Ligand SMILES: [Zn+2]
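Residue numbers (our numbering): 1 to 283.
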């Protein structure tokens with residue numbers, strides 16, 4: 001089916017309290033595998049791309065690839081730009097037909113973030129596109145974004161003010177999760193999600209999904225996390241799958257067989273998350 005907006009994916013998920021996986025794809029193979037997983041379990045899905053990947057392939061090619069792949073798969077899918085501090089890059093993507101972007105001005109002051117985020121939302125609306133907003137940096141660096149230290153927590157009242165004043169479609173607060181792999185069990189701030197949602201019913205975004213337990217996912221999704229980002233696990237599955245195939249078949253030089261094996265592992269990985277998040281069967 002044709003691509004849908006981020007709002008069309010997140011609003012039903014937020015209302016029914018299931019999570020939709022936003023998988024950071026890196027190329028055609030990973031994009032196809034995530035979409036195929038969604039088809040197999042009948043799940044809505046968010047194809048998410050980091051700025052680093054956009055720089056590698058180009059905004060236009062990624063959008064055209066997505067539009068073509070999504071058009072003949074019968075599940076709601078949307079194309080989203082992950083952490084982007086640069087408004088020009090967001091504009092390039094939205095002009096190319098992307099559905100939404102995370103405007104990441106977490107390094108700026110509250111006032112500057114608010115002002116610029118409003119501008120991004122206004123611009124996005126012209127294209128029928130959505131915006132994810134963020135106030136505090138998510139801990140852990142992934143694809144050159146993020147921070148080594150946890151940002152200072154902004155009071156819930158100001159988060160609510162930010163969500164309402166900007167008109168963003170979803171909000172990513174710092175809740176104790178981190179990008180990359182967890183070295184120790186993270187301390188999740190469930191209360192913060194509940195407090196924001198209680199004051200302002202907006203889909204919350206969970207960054208740093210890789211490595212969390214099923215119980216943590218389910219508790220956060222029940223509290224209002226409707227978008228669940230998975231990046232690290234896709235990369236691990238992608239690389240490990242190539243490795244194990246080549247180790248098992250060192251004399252096999254047919255790239256199609258190799259890619260088919262990697263595709264199969266990626267589908268399995270994505271399906272697992274879709275089942276855990278409760279999005280399976282919702283498309
Ligand atoms: Zn993130």
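Each residue gets a CB set at the ideal place from its N, CA and C atoms; glycine is no exception.
As the structure is a prediction and not an experimental result, all values here were calculated from the model.
Short note on residue 179: C-beta closer than 8 Å to some heavy atom of ligand 1. Counting along the chain, residue 260 sits inside the alpha helix (DSSP H) bounded by residues 255 to 277. Residue 280 carries a coil assignment under DSSP once its states are collapsed to helix, strand and coil. Within the same chain, and ignoring the five residues on either side of residue 187 in sequence, the residues whose Cβ sits closer than 6 Å to its Cβ are 176. Annotation: residue 145 to residue 32 spans about 25 Å, alpha carbon to alpha carbon.
Not one heavy atom of ligand 1 sits closer than 8 Å to the Cβ of residue 105. For the pair of segments examined, the region 68 to 87 was found to touch the region 1 to 12: the number of CB pairs separated by less than 8 Å reaches three. Sorting 168, 269, 95, 243 by C-alpha distance to the C-alpha of residue 230 places 269 at the top.
In the three-state reduction of the DSSP assignment, residue 108 falls in the coil class. Distances from the alpha-carbon of residue 106 to those of 135, 94, 126 put 135 closest. Those residues whose C-beta sits under 5 Å from the nearest heavy atom of ligand 1 are, from N- to C-terminal order along the chain, 138, 207.
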